[in-house]
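> Residue numbers (numbering that gives the first Met the number 0), protein chains in the order written: chain A, 0 to 187; chain B, 0 to 458. A virtual CB, placed ideally from N, CA and C, is assigned to each residue, including glycine. Only a predicted model underlies this, so the values are computations on that prediction, with no experimental measurement involved. Below is a structure I'd like to ask you about.
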Amino acid sequence: MSNASTVNDWTKPAATAIPKEGYFTLEQGRYGATYPRTPACHGFTIIAKIKPGTEGEIRAYGKRIEDTIAASPHALAPLQLHYLRWVLFDIGPETYFMYQGIFDTDFDKYTEDAIQLFKATGVDTVFEKLEGFPTDWKTNAPAFIKFVREHQCPSFLEYGEYPYVSAAEIKKALALKQAFSSMLDHMQ
Amino acid sequence: MLELDDIQHFLLTRPRALAARYGFLRFRQPDQARSWLSGIIDRVGRGRAVQSGGPLDSRWVTVAFTWNGLRALGVEDACLATFPEEFRQGMAARAPILGDTGANHPDHWVGGLASPDLHAIVILFARDVTERARCVQEHQQYAAQFPAVEALSTLDLEATPPLDYAHDHFGYRDRMSQPEIEGMGVEPTPGTGAPLKPGEFFLGYPDENGDTGPLPQPDILSRNGSFLAYRRLDEHVGAFRDFLRANGATPEEQELIAAKLMGRWRSGAPLVLAPAQDDPQLAADPQRNNNFDYGKMDPHGYAVPLGAHIRRMNPRDTAVNMNRRRIIRRGGTYGPPLPEGAPEDGVERGIAAFVGCASLIRQFEFAQNVWANDPRFHELGNERDPFIGTQDGSYDMTIPKRPIKKKITGLPAFTSVKGGAYFFLPGIRALRFLADGTQPTRESTAYVSEGDVARTPWH
């Protein structure tokens, strides 16, 4: 069935409650179940315990990625991201890493491109600091993908102030606004 | 570097064949199946013949197996478990992922393709229909010795006239764009991209990432092998012609609509280089007919709509990791042509093709699941590939135009999937390994020359 019904009213913020599995009906992607688009678009929340003593190395990735993006602002463009948040937190004596992303592509669809991008930007090596990450990840994309899926925690509620709107649409609207504004100036 | 004496010819060359037959087989008994295989190995075409430049044979034989087929030949469970997940499941089980739903569902497939008893395919390419008949008779006489090797079904293919170039029943010229493999000494035509590392198509060689493994086990079975995705599509020529007439007032307008759906005129001339008018000379010139891109030359789709078939199947400079998404296509047409002006006659006709690659999930399934069937490809919203996307009458096709785009709604299904399967295409050494029923020994898991392979006599 087509999804013509997801032409939504961006003027009305919306929230969606999501079942425990992370989807309403099971739809198979190439690597497993796919998750629906919500008012907060697509995303994942990966949570994994870090290997003891690696907290400092993981934190250092913050600056690394800041520098990578400063040098090539569009490095992560294929992921169609809105936002990324990386968090380290403790539960008792153990430290956990949370990788949360909000983006416009179905994670299952562009998984191999994401891994290729992680490799190209050096992000992939942060995963090596996580417990249980496959040692042959470099040549075994399905194992990498399996780890990510096994550590994915689906949301049970998502809210969007401008529901379903993609980053590309937002940027087009802003560019249009800028051009229109400039045009009005020229008409003075 | 490429072992041309060991790699089957199928993905390395296209023989000059006007006729073909696909034989789909079931093995009821492993010993007979192995004997049968043993006797045909010498007839299986090798890649070496491509390079030798000798006189073309009049017939070419290819043999490949499903995962169930490897098991039916007696391959050990421990080895079977090392094959990729999607190959083990088989194409019919992956139907929801490929969009094979509704009219395309495996329940409607013919020829036993959806059955777990589909074990092998023998592909015969023949110079012409007479030669095909001769080969078929010869094989039938041979196969009569092995009643446990059963033909589930066969499919006869013939080139559809006019015969000056290959085309499908809709009239589109085919084989306009194909990747070249490093080491074959063939210069890619302009626009086709650099030659690709052999590991993108053949197991045991470095791929575009420089990786070689992990390989299904044992090495002797997987090295020089490839995976094939077989797809049989009935082409609804009457519905297609009705659609062109409904959306174009004149023959010229109808040709343009046909071109907009595909991304090339039916002559093969690319719209990017010939946006307003067909150009058969351009179509026939390999130095020009594939030399274009989208990001620089047609970013908004005024020449080639963003959802057109060739733009989906090869986004060129508008997608990342393109060198990991390439495929090699083989195949042809079946069924009699429908004469121009004749009403739809309900006779089965279409294309039966193979997609060859090293990774079905990354190269074939990605193209079908993402590029062909994702309604949000290129942020289009409600569109699928007009020819190989799953069409149920509820999807659109946007044709960018100045000042206002044209949107066709309720695209009918021009094709139906009538069969498909995942096959493994082994190297010659691997075929001998399968025919001998050899259990993997220390010697046979390393690369050794043919004479040294340890064999356990099976009778």
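Quickly, what does DSSP pair Asp89/A with across the bridge? List them, please.
Bridge partners of Asp89/A: Thr94/A.
> Beta carbon of Leu195/B, beta carbon of Glu181/B: below 8 Å?
Result yes, Cβ atoms of Leu195/B and Glu181/B sit closer than 8 Å.
> Determine the DSSP secondary structure at Arg13/B, reduced to helix, strand or coil.
The answer is coil: DSSP assigns Arg13/B none of H, G, I, E or B.
> Quick one: grab the DSSP three-state call for Lys128/A.
Reduced to three states, the DSSP call for Lys128/A is coil.
> Going along the chain, which residues of the segment 206-219 of chain B sit with their C-beta nearer than 7 Å to a C-beta in chain A?
Within the segment 206-219 of chain B, the residues whose Cβ lies closer than 7 Å to some Cβ of chain A are Asp210, Gly212, Pro213, listed in chain order.
> Flag Arg84/A as yes if its beta-carbon sits less than 8 Å from any beta-carbon of chain B, otherwise no.
Closer than 8 Å: no.
> Does the separation of the CB atoms of Tyr161/A and Trp9/A fall below 8 Å?
A contact, by the Cβ cut-off of 8 Å.
> Please say whether Gly349/B and Arg329/B have beta carbons closer to each other than 8 Å?
Taking 8 Å as the Cβ cut-off, Arg329/B and Gly349/B do not qualify as a contacting pair.
> Using a C-beta cutoff of 8 Å, does Asp66/A count as contacting chain B?
It does not; no Cβ of chain B falls within 8 Å.
> Can you give the beta carbon distance from Leu433/B to Val43/B, rounded, assuming they're within the 8 Å contact cut?
Rounded, the Cβ-Cβ distance is 12 Å, inconsistent with contact.
> Could you list which residues in chain B have their beta carbon closer than 8 Å to that of Gly28/A, in chain order?
Here the neighbours are Ile96, Asn368.
> May I ask you to report which of helix, strand or coil DSSP gives Leu173/A?
Leu173/A: helix per DSSP, three-state reduction.
> Report yes or no: is there a C-beta of chain A within less than 8 Å of the C-beta of Glu130/B?
Not an interface residue.
> With a floor of 3 residues, list each beta strand (DSSP E) that falls wholly inside the segment 380-430 of chain B, ordered by position along the chain.
Taking only runs of at least 3 residues, the beta strand (DSSP E) segments lying wholly in the segment 380-430 of chain B are 396-398, 405-407, 414-424.
> Shorter than 8 Å from the beta carbon of Asp373/B to some beta carbon of chain A?
So yes, Asp373/B belongs to the interface.
> Would you mind stating whether Tyr229/B and Ala420/B have Cβ atoms separated by less than 8 Å?
For Tyr229/B and Ala420/B, yes; Cβs fall inside 8 Å.
> Just how far apart, CA to CA, sit Arg222/B and Leu202/B?
Near 5 Å, if we compare the C-alpha coordinates of Leu202/B and Arg222/B.
> When DSSP labels each residue in this structure, what does Glu207/B get in the three-state scheme?
Looking at Glu207/B - three-state DSSP - the assignment turns out to be coil, as it is neither helix nor strand.
> Quick check on the DSSP output: the alpha helix (DSSP H) that includes Lys295/B runs from which residue to which?
Run containing Lys295/B: none; DSSP gives neither H nor E here.
> Between Glu157/A and chain D, is there a C-beta pair that is closer than 8 Å?
Absent here is chain D; the protein component of the structure consists of chains A and B.
> May I ask you to report which of helix, strand or coil DSSP gives Pro338/B?
The answer is coil: DSSP assigns Pro338/B none of H, G, I, E or B.
> Can you list, in chain order, the residues of its chain whose CB lies under 6 Å from that of Thr44/A, leaving out five sequence neighbours each side?
Taken in chain order, the residues that qualify are Gln99, Cys152.
> Helix, strand or coil for Cys134/B, going by three-state DSSP, please let me know.
The answer is helix: DSSP assigns Cys134/B an H, G or I state.
> May I ask you to report which of helix, strand or coil DSSP gives His81/A?
Strand.
> So, helix, strand or coil for Ala143/B, using DSSP?
Coil, per DSSP.
> If you scan the segment 321-376 of chain B from start to end, which runs of the alpha helix (DSSP H) of 4 or more residues do you find wholly inside it?
Complete alpha helix (DSSP H) runs here, min 4: none at all.
> Could you tell me whether the Cβ of Ile326/B comes closer than 8 Å to any Cβ of chain A?
Chain A, which has no Cβ nearer than 8 Å to the Cβ of Ile326/B, makes this no.
> Just tell me which of Asn246/B, Pro336/B, Val148/B has its CA closest to the CA of Ser34/B.
Nearest option by C-alpha distance: Val148/B.
> Let me see if you follow: with CB-CB separation under 8 Å, is Asp112/A close to chain B or not?
Yes, Asp112/A counts as interfacial toward chain B.
> Does the pairing of the segment 15-31 of chain A with the segment 98-117 of chain A give three or more beta-carbon distances under 8 Å?
As far as the Cβ criterion goes, the segment 15-31 of chain A touches the segment 98-117 of chain A, which means the pair count is three or higher.
> Residues of chain A with CB closer than 8 Å to the CB of Val319/B, please, in chain order.
The answer, in chain order, is Pro77, Asp112, Gln115, Leu116.
> Would you tell me roughly how many angstroms separate the C-alpha atoms of Ser57/B and Asp155/B, rounded to the nearest one?
So the two alpha carbons sit approximately 17 Å from each other.
> In chain A, which residues lie with their C-beta within 7 Å of the C-beta of Glu378/B?
Those within 7 Å of Glu378/B in chain A are Ser165, Ala167.
> Are the C-beta atoms of Ile387/B and some chain A residue less than 8 Å apart?
No, Ile387/B lies away from the interface with chain A (no Cβ there is under 8 Å from its Cβ).
> Could one say the Cβ of Thr120/A lies closer than 8 Å to chain B's Cβ atoms, at least one of them?
No, Thr120/A does not count as interfacial toward chain B.
> Along chain A, in chain order, which residues have C-beta atoms closer than 8 Å to that of Arg361/B?
In chain order: Glu111, Ala140.
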